Every structure is written in structure tokens, then in C-alpha cells.
Amino acid sequence: MKIKINYLVGVLFIVTFYSCDKIDAPYREESSKGIVYINQEDSLTWNGDTLAFAADNSTAVKKVLAEDYTGHLCGNCPYAGVMLNDTIKPLYNEKLVVISVHAGMFASPCPGGLACPGGAAPPGAFATDFSNVTGNDWDHFFAISSSFGNPNGMIDRKDYPVSNVKSTETWATNIQSEAALTPECRIRMITRFNPVTHELGAAVQTKFISSQTDTFKLQVVLTEDSIVDWQEWYAPNPIQYDPNYVHRYVLRGGINGSFGQIIATGNTISGDIKLNGFSYTLNPAWNANHCKVVAFIYNATNKRVIQVEEKSIE
Amino acid sequence: MMGRNIFPGFSLFILFIFYFSHSVAQGIAGGAIHGNFELDAQYYRTDSSIGTPAVPEKMLSNGFANFIYEKDNFSAGLRYESYLDPMLGFDPRYKGSGITYRYLSYKNEEMEITVGNFYEQFGSGIIFRSYEERGLGLDNAMEGLRLKYNPYKGIYFKGVIGNQRDFFSKGEGIVRGGDAEINLNETFSCLASSKTKWIIGGSFVSKFQDDQDPVYILPKNVGAGSGRINMIHGNLNISAEYSIKANDPSSVNKYIYKTGDATIVNVIYSKKGFGASLGAKRIDNMSFRSDRSATLNSLMINYLPAMTRQHTNMLSAFYPYATQPNGEFGFQGEIFFNLKQGTKSGGSYGTDVTLNYSRASDIDHQPTGDDLGYTSDYLKFGKEIFFQDFNIEVNRKVSKKLRLILSYVYLDYNKDIIQGSRGIGHVYSNIAMAELNWKINSKNAIRTELQHLYTKQDQQSWALWLVEYTVAPHWFVAAFDEYNYGNEIKDSRLHYYNGSFGYTKNSNRVSLGFGRQRAGIFCVGGVCRNVPASNGFTLSVTSSF
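Order-wise, the sequence lines are chains A and B.
Going by our numbering, the first sequence opens with residue 22, and the numbers climb by one from there.
Going by our numbering, the second sequence opens with residue 15, and the numbers climb by one from there.
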């Protein structure tokens, strides 16, 4: 027995001893390639091009992030999308940033997807796959399509984890209350795009307006607006399968992963500035003229988005 | 995302207790249960003059109770904690109630096995220390398995694996480690009678955390190892420990890949009426946490002690030092001696004198301009001084009923570094204190303190007067006033008054207080928390059974 235990202790030591990973350069992922920081607050270079923020003491405005979880096979979703993009959005204009997240069963491409209409739809319909890793990760993490169904959404991801998923009829009031909040930080962005290589460079500057003690993350994603493609649309619209539906603000992917990166933790003092640079290569099939970088800051614990900003890449 | 893991664990615990106490009762029944209970509550009043934060709940409380069952080689225990809501100054993530600590343990002559929660430390703790410091709101208890094994006399092994407590949930990182220690004099009979005792030890700890970072390629497994030696010869005790930690980019070190290391050396000499100690440490990039994004006091795997004196008087503790895990060179020297009774200097009853000096400064940094961060000349000091403390204490029994303690403290406190403030820089303070204890008779005693802190920086000078009257063995009443009379801003020349009384009977103690508490920083052993200003009634109840 004693010998066996000696072996056990020995094995524990050996296993523990080898549990160590040595990382050699390069230390950064693809999204950081080509980025060189001139300083930590306002200047960096992307592939040798300087992206520098001028001083700005203008008053910050609280902007609101509305996430519409949808799918091209979700027949009720167009009503939610139209309401958000055509009715609510014009009330707030740039104060409201919308992301349409195609995820879940109703976002599956056809043929093959569980919700595909089969022979009821014309051949080739719904073949586009708008889903992506980031959208699927968000949908899975917040359990939206699996637990709540489509259409549903989140407004600044508030009230997590109890009632963060908001039904469409509550979007307007939630957006209104969020837009009335005092901004806690300001986001500015500078973008560069190389149409030949389809490479995108982005500098995101975050200035905290109020002191914080929690951990905050920066999430940067890419959206593409006004994609004309198929959409299933229940009655009363007589066209059940609309090939000319305009998909607004479609999430194309996460530039810094699905859950972003920490930019502030512990005591963050009012006036603190964080600068982050990103590199990303667009799919050549995407319309760069319609693409925007969306950056938002959220509390890592309660997931609440405290500020959001978007900028066209061209 | 780790959810609350309270009720499943509790159910398991109850099942175990039930099983052991009924199904195999012959070995377990008849044991003893003991524990303790503590409740601290405060009713907060708004006091805009001292900047108290709003407390919508009006009253906040922290409470807990430990229950420990022991029978022969078996023990089990649990702790129930309740923070409804956490008192000001404690991390709001504590909000809630539940069983946060439970364990089952069995030990015999050779081995001890613990499942559930446990606290443990390897060596001086510089690569692993799981502990609780309630005053700081710090609890990084492990939850998992622990094995202690003593295969031969003088040889000790420890092995641990588990997650760390993170308020009411667990950190996502897995911590596993082993420690081996040999007491040469116990193991080798030829050394048994040697006057020089040798203890040698070594540890290795590794943490696992997945890499989901979009920017950095992060090491999922981070290892740290240490070696230590302790020599005891008569009145002399010398100990040293060196540790090294592999690349561990984190929020604390701003995601650099440099290897970390730490060295701690202590030399202590003591005999009757005289003692001297000298300690030195060098810490370089040694924040080690089971979650690389964790900060403040959460999910710390190791413990980096402060090599400074832990002051207990209110004004000398005004500027406490917090260990700087990213880089620190520190040393401390202390001499204690007794002036014999009956001599001119020692007086009729003798006098104790303690001289202490400590200093902490930055280490050398040579930036590399890349993600390695910097290189550092091991023996070179950095330019920035973090902290200096020179203090002297004279403790004299003047008569059978009177004891007088006089102290002087000089502090150089780099507030910008230690507290992360801006634009204050160094605070140089001179603090003088006098404490008088008057034992009126066998039941009644009075203790009073006069303290003065002089500084031109920060909030400038303070004075404090405290008086405490004790009626043994049950009652005490105390009052103090901390007065920021030297504040350059007239409106901030405020009194922080406080009064309290309490009753103690057997192992139960109840105390009530009322008054203001200034905003500040509270530290234990170099680990600190911020305390906001408050004003209101306090209630404290402690009991053990």
C-alpha cells in the first residue's frame, strides 16, 4: 500500500510539473497583426498607416445597442426587423445601433437546415448562410433561440441574467429608457480599408467619463447593411418567400472574438483612455460600402452594454 | 460561466453526514460539534460632509457561522455566509447567502484526505496559499481534493487540485499543485542530535484556464515552482525561498509574457530580552491568479507578504503598504531589546524598546518594446520608492497600575503607486502616539490614546484621542475622535467621532457603536481593500461554541 501511494504522489508531481505551456513570439492573434501602438491613448499605426485621434472635448452621448436575433427562415422575424429598423431607428438615428444576429435553427441555410421549407420554396432559395461564429456564440450564451425563440432581442444586454431577453413589443420602451441614461464612456473610431486586399484596420478609443470599479470588455464586430436576399415572411404579407427582402445591419463576424477583450479592470478613473487597434480581412463577397465596424463596451460581470459606436469602413 | 454551486454541494454534504452518522454509526456517532458565529451590521446615515455613498437598503450586514463535526480521525464542517447586502467596502459580488465552505476529512498517522473545501499553503505561500482574511473580504478557498502524506519520519507530501472560491461561485481556472518537505534531522538519525536543524522543501503549482482571448495567444497552463530552505541553530533562524513562474499574461501585468520570480529571505535572532530580524524580498511579475482577468483580491493563487510593520494604531495605520506584485524590492530590519528593571533606563519594572525600519522600492525595468514587457537587472533598484517606514516604540510599566507606550513613526508613502491615485505622489508623515493603560483595580481599567499625524500632503494633519473604560469581565465603553484639523480645505476639517460599548459573557460578545468612519484603505499583510466613508450605527455579535 505504501509503495502504491508513493507512486501516486510521484505521478501527481510529474503531471503537475509538466502542466506548463511556454509561448514564444508571436504572442498575438491575427486580429492584432500590423498594429503598432505609438502610444496607449490616441495613436497607432496599421500596416504603416497612422491612425491618430485628435483631441475632443465634446459632450458624450449615450448610444443604445439593439440586438435583433433573427433568421431568414423565421416568418415572424421581418415584422420585428421592420419595426426596429423602420419605426424605432429613425427616432434615434445614430443614437441607436442595430445588429441583426442570424443564429439558431431559423438561420440555417437550405437545403439541409431543419426549418427549410423543402419544395415549398423555389430551388436555390435560402442558400445564403448569414450565421457566423460570433452570432452563434452569443445566441448560445444568452440561450435566445434555444430558450426564447425568434424574434427576440436584447437592448444593451440589460437585466442579465434574469430578463435580458426582450420581446419585440418591449424594445421601444427599453430603448427609450437606455437612451436617457448618462453616458459612462465615449467611443471613437478610425477605420482604414484596402479594397485590393480587403483588409480592414480599425482604431478604437474609449474614454471613461465616470470612475468604475468593475471589469469592462470591448467587443468589436463587423456588420453589413442592406443585403438583398431571401426571407420567409408569414401572412398577412402574401409573399411567403421574399427573394428581395432587405436584410439590415447583419452581423458578419467578431473582429476580436465572440466576447471581446478586457480593457478596464479594478479602479478605472474618470478620464482614463484606452486605445485598441484591430486588423481584419473581409470576405470579398461582402459589400464593403455597406459594412460598418460596431464597437461596444460592456460590463464583464452583468454583461450590460454601457456604450456603443459604429463607423463605416469606407 | 460558473454558476452558484451551493445546493448541490450542500445536498451531497448532508447525504454524507447522514450516511456516516447512521449507516456506519459505530465509527462516527458520539463526536463533537463546535463552531462559531459572527454578525456585523451597520445602519447607514447619509452624511454629505464626509462623502458617504448612498445606501438604499439603509442597513447592510455581513454574517457567517461555522459548524465543525469531529470524531476520532473524521471531521466535517460547513460555513454558511450571508451578505444582505454586503457592507460598504466589501465587494458587492458577495451579495447573497449560502453555504460557501464544506468539507469531509479523514486522517490517520500517515495520511490525511480532504474533499470539498480546504485552505492550504506551500512554504511561505509565494506560489500557493489558499486562505481567508475576513476583514479584507478575501477568501480563495479551494474546492476539490487534498492529500497529505507522511510516508516516513520527517518527509511530508501535499497534493491539491481544485477550483478557487470566487465570491458565491468558483473561478473557472483549475489549480493543481504538490509540495514536498523533508526535515533532515527527523529523517536521518545521524542528524537527530545535531544542534543545527535543516528543513528543505519544494513546490510546484500549475493552473489551467482556457484561451478565448481574441488578441493574445495565451498559455492555457501556467506553472510556478519554488525551492526553500530553513536552518535553525540555537537562537538563530534563517529561511529563504525562491520561486519562478512561467509566462502568465494577465490583467494585472498588462498581458506581458515575461517570466516572473520572487525571492524571500528572513534572518531572525532572539533570546530573552533581545531580538533582531532582517528580511529582504524581491518580487518580479508574480501576480498568480486562477483567472487571468481577475483583479483586486479575487482568485489569487499565491501570497506575497508585505515586508513592513503591521501598525495597529489608527493614525499609524493611516497609510498602510500594499504589496506590488508587478515588481518590488523590499527589506525590513527590526531590533527589540528590554531595558532591565531596577536600572535607571529600565525603571522599576523594565522597559521594552522596538526599533523598526522597512523600505519598498521598484525593481529595475528595461522595456523591451514588445509583449515580453521588460528585462530587469536582478540586484538593481528601480528609481521609484514605494514606501519607507521608520518607527520606534517604548513600552514601559511605570507602576503596578500604569503602563505607558510611546511611539514615533515616520512614513514615506507613495500614494499614487500604492493606491492608484493621481497627482498626490509621496505623502511624508510624522506620527507620534502615547498610550496609557491604568488598571484602577482588579475590575476597572482605563486605556487612553493620544495620536498625532503631521503631513503637508494629501489631507494634511490629523489628531486623535481615544478613551476606553473596561469593567471586567463583561463591559466596555469606548469613544474616539479623529480630527482632520490640518486640512487645507476649511470645510474638510472634520471630526470623525465614534462611540461604542459592548458586553461579553463567556464566549459571546455583543457591541454597539455609533459614529463616522473616514474613507481609507485597510490592509492585512500587504493585501488591502478600500473602505468608503460611512456614518451610522454598528452592531457586532460574535459567539463560539
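For glycine and all other residues, C-beta sits at the position ideal for the given N, C-alpha and C.
Quick caveat: nothing in here was measured; it's all calculated off a predicted structure.
From what residue to what residue does the beta strand (DSSP E) around alanine 151/A run? Correcting the residue identity first, residue 151/A is phenylalanine in this sequence and not alanine. Phenylalanine 151/A -> no beta strand (DSSP E), and no H or E assigned at all.
Is the Cβ-Cβ distance between glycine 527/B and glycine 513/B less than 8 Å? yes
Straight-line Cα distance separating serine 184/A from threonine 191/A: 12 Å
Rank Tyr48/A, Glu335/A, Asp89/A by C-alpha distance to the C-alpha of arginine 213/A and give the top, closest one. Glu335/A
Give the secondary structure of proline 233/B by DSSP, where H, G and I count as helix, E and B as strand, and everything else as coil. In the structure shown, proline 233/B sits in coil (DSSP, three-state: anything other than H, G, I, E or B).
Selected residue, minimal CA-CA separation from lysine 324/A, among Lys238/A, Lys295/A, Arg273/A, His311/A: Lys238/A
So, does the stretch 200 to 218 of chain B touch the stretch 154 to 172 of chain B, judging by three or more C-beta pairs under 8 Å? A contact is defined here as three or more CB-CB pairs under 8 Å, and the stretch 200 to 218 of chain B meets this definition with respect to the stretch 154 to 172 of chain B.
Do the stretch 311 to 327 of chain B and the stretch 131 to 140 of chain B touch if we need at least three Cβ pairs shorter than 8 Å? yes
Contact set for threonine 322/A: own chain, Cβ-Cβ below 7 Å, skip 5 residues either direction: Answer for threonine 322/A: Asp235, Thr236, listed in chain order.
Alpha carbon to alpha carbon, what distance is there between cysteine 537/B and tryptophan 479/B? 22 Å
Is the shortest distance between the beta-carbon of asparagine 288/A and the beta-carbons of chain B less than 8 Å? yes
Of the listed residues Lys116/A, Leu72/A, Asn97/A, nearest to leucine 86/A (C-alpha basis): Taking the Cα of leucine 86/A as reference, the smallest distance to any Cα among Lys116/A, Leu72/A, Asn97/A is reached at Lys116/A.
Suppose the cutoff is 6 Å on Cβ atoms and the five residues either side in sequence are ignored; what does the same chain contact list for valine 236/B look like? Lys221, Ala260, Asp262
Indicate whether the contact test is met: 3 or more Cβ pairs, each with one atom in the stretch 295 to 304 of chain A and one in the stretch 54 to 70 of chain A, closer than 8 Å. Yes, since at least three Cβ pairs between the stretch 295 to 304 of chain A and the stretch 54 to 70 of chain A fall closer than 8 Å, the two stretches touch.
For the candidate residues Gly151/B, Tyr108/B, Leu161/B, Gly110/B, whose alpha-carbon lies nearest to that of asparagine 131/B? Leu161/B
Beta carbon proximity, arginine 190/B to chain A, threshold 8 Å: yes
Thinking C-beta only, is glycine 434/B closer than 8 Å to asparagine 288/A? For the pair asparagine 288/A and glycine 434/B, the CB atoms are nearer than the 8 Å cut-off.
Of all the residues that make up the stretch 210 to 230 of chain B, which are near chain A by a beta-carbon distance shorter than 8 Å? Among the residues of the stretch 210 to 230 of chain B, those with a Cβ less than 8 Å away from any Cβ of chain A are Phe218, Val219, Ser220, Phe222, Gln226, Asp227, Pro228, Val229, Tyr230, in the order of the chain.
Please give me, in chain order, every unbroken run of the beta strand (DSSP E) with length at least 3 that falls completely inside the stretch 208 to 266 of chain A. 220 to 229, 237 to 245, 248 to 253
Cα-Cα, which of Ile278/B, Val481/B, Ser144/B is closest to serine 312/B? Nearest C-alpha to serine 312/B: Ser144/B.
Drop a sphere of 10 angstroms on the beta-carbon of isoleucine 17/A, count the other beta-carbons inside from all chains shown, and report buried for 16 or more, exposed for fewer. Residue 17/A is absent from the structure shown; chain A starts at 22 and stops at 335.
Measure the Cβ-Cβ separation of lysine 354/B and glycine 347/B and say whether it is below 8 Å. no
Among residues of its own chain, excluding the 5 on either side of alanine 81/A, which ones have a beta-carbon nearer than 6 Å to its beta-carbon? Pro204, Arg207, Ile230
Beta-carbon proximity list for tyrosine 230/B, same chain, < 7 Å, skipping 5 on both sides: Pro263, Tyr269
Helix, strand or coil, according to DSSP, for histidine 311/A in the structure here? helix
To the nearest angstrom, how far is the alpha carbon of histidine 36/B from that of asparagine 267/B? Legend: pLDDT at histidine 36/B = 49, less than 50; position of this residue unreliable, no value from coordinates given.
Does proline 233/B have its Cβ less than 8 Å from a Cβ in chain A? Proline 233/B counts as touching chain A.
If you follow the alpha helix (DSSP H) that glutamine 197/A is part of, which residue opens it and which one closes it? 192 to 200
Backbone CA spacing between serine 166/A and glycine 292/A [nearest angstrom]: A straight-line Cα-Cα distance of about 39 Å links serine 166/A and glycine 292/A.
So, with DSSP's three-state summary, where would you put glutamate 115/A? helix
For glycine 55/A, would you say it is in contact with chain B, using Cβ-to-Cβ distances shorter than 8 Å as the test? no
Assuming valine 271/A contacts phenylalanine 151/A under a Cβ cut-off of 8 Å, what Cβ separation, rounded to an integer in Å, is found between them? 6 Å
Closer than 7 Å between beta carbons: that is the criterion. Which residues of the stretch 252 to 279 of chain B meet it against chain A? Ala260, Asn261, Ser265, Tyr271
Can you tell me where the beta strand (DSSP E) holding valine 69/B begins and where it ends? No beta strand (DSSP E) contains valine 69/B, which DSSP labels as neither H nor E.
At least 3 beta-carbon pairs within less than 8 Å: the stretch 434 to 452 of chain B vs the stretch 371 to 388 of chain B: Not touching, per the Cβ criterion.
Can you tell me whether isoleucine 432/B is helix, strand or coil according to DSSP? In the structure shown, isoleucine 432/B sits in a helix (DSSP, three-state: H, G or I).
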